[in-house]
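Remember, the working numbering sits 135 above the position in the sequence shown when you count from 1.
We put the beta carbon where it would ideally sit given N, CA and C, even for glycine.
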Amino acid sequence: MKKILSVLVLLCLTAVLLTARGLPDVFQAEDELTDGLYAEINSNRGVMIFRLDYEGVPLTVTNFCGRAEGSLGQTSSFNGLVFDRHVSNYAVFAGKPSSTFPREKGGNINTGLAGVLLMDGFLEETSATRFFIIQSGDDFLKTKYTPLGMVVSGAKVVKKLQKGDRIESVRILRKGKAVQNLKFDEAAFNQLRNEVNDSIMRELAQEEPLLSQAIELLGADYKKTPTGIYYSVLSPGEGEPPKAGMQVSMHYTGTLLDGTVFDSSRPRGQTFDFILGKDGVIPGWIEMVTEMRPGEIRQVIIPPHLAYGEQGYGPIAPNSWLIFEMELTAVSGD
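Spelled out as structure tokens, the structure:
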């Protein structure tokens, strides 16, 4: 029995060490690389080479390569970046807020190992130029973030990275005929983005048919925020959006996905007035109102985590998506 326990303990320790250390270098130099697509990140700590998962997450990889080569944007987005955040023995982060794109699921990279390159976004890739490199494995990461590369050379450099370290340059390496002609420009990015969006909507139609129908009713010009709100502007407004501390007056009608109206200000003939940022309204409302101009009307679909969440409220069941027609009728205060 003691021998069995000893073996189990040894296996557990081995698993922990592998997770913490990641894999050893597969290659020692660029000329040893096998066919595939790679990103060479040259830092003040040394050079790291990541094999990119173009087959598994082509949109995410196209975004990264295009930003690195300057074909998405006028110049490279990564040269000269500083790692501005470091969670000790876990991950280093770099990049600046920028445009968004939909998150790809799946891929072929195991985040249970150290040395994985991921985009830094939640629900969507909320910044096309912000990424992080993990120094310890974490299986959970793949459920929320998109892994796009695995270190194959420079694993020791990954472990040394800290806040304040600098990326001198990022170079995309194409090895083999299969990747020589890959393009990472606007046309390639837009085509892949449309394909991913179509895939998301097909999946949504199967899993959440009522939500899918509600999104379709927003029209072809609907938008989606990085936090997951879908909306369409029915009528534009004029003037400046309200700021925190201002009083806003709203007309609204709230419905569930099945069309049930759960509340409306219009039959009462009285607007709903509140101080923005002080009075308790759901987070999805705050996000929308701070973007609206006086007189603007929006059709809005708010996800549960920005509405009443797991608790629900009155006739609103837990984890409910909510649909609102929102009209900003007036703004007052400084």
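First and last residue of the uninterrupted alpha helix (DSSP H) at residue i
{"i": "Pro282", "result": "Pro282 -> not in any alpha helix (DSSP H); beta strand (DSSP E) instead, spanning Pro282 to Ser288."}
{"i": "Gly201", "result": "Pro193 to Glu204"}
{"i": "Ala465", "result": "First-last for Ala465: Leu457 to Ser467, but that is the beta strand (DSSP E), not the alpha helix (DSSP H)."}
{"i": "Lys310", "result": "No alpha helix (DSSP H) holds Lys310; the beta strand (DSSP E) holding it covers Ile302 to Lys310."}
Helix, strand or coil at residue i [DSSP, three-state]
{"i": "Phe324", "result": "helix"}
{"i": "Met385", "result": "strand"}
{"i": "Tyr225", "result": "coil"}
{"i": "Gly171", "result": "strand"}
{"i": "Ile335", "result": "helix"}
{"i": "Val416", "result": "coil"}
{"i": "Ile350", "result": "helix"}
{"i": "Phe236", "result": "strand"}
{"i": "Asp273", "result": "coil"}
{"i": "Ile421", "result": "helix"}
{"i": "Leu345", "result": "helix"}
{"i": "Asp398", "result": "strand"}
With 16 other Cβ atoms within 10 Å as the buried cut-off, status of residue i
{"i": "Leu352", "result": "exposed"}
{"i": "Asp414", "result": "exposed"}
{"i": "Arg401", "result": "exposed"}
{"i": "Glu445", "result": "exposed"}
{"i": "Thr210", "result": "exposed"}
{"i": "Gln270", "result": "buried"}
Pair within 8 Å by beta-carbon distance, residue i and residue j
{"i": "Leu345", "j": "Arg433", "result": "no"}
{"i": "Lys298", "j": "Arg180", "result": "no"}
{"i": "Gly389", "j": "Phe397", "result": "yes"}
{"i": "Glu422", "j": "Thr362", "result": "yes"}
{"i": "Gly430", "j": "Gly372", "result": "yes"}
{"i": "Gly272", "j": "Leu248", "result": "yes"}
{"i": "Arg202", "j": "Thr264", "result": "yes"}
{"i": "Gly230", "j": "Phe266", "result": "yes"}
{"i": "Phe407", "j": "Met385", "result": "yes"}
Span of the beta strand (DSSP E) around residue i
{"i": "Leu252", "result": "Val251 to Met254"}
{"i": "Lys434", "result": "In the sequence on display, residue 434 carries Gln and not Lys. Ile432 to Ile437 is the span of the beta strand (DSSP E), which, as asked, contains Gln434."}
{"i": "Asp408", "result": "Phe407 to Ile410"}
Chain C contact for residue i (CB, 8 Å cutoff)
{"i": "Glu321", "result": "The displayed structure is made up of one protein chain only, and chain C is not part of it."}
Whole-angstrom C-beta distance between residue j and residue i, which should lie under 8 Å
{"i": "Ile364", "j": "Gly419", "result": "6 Å"}
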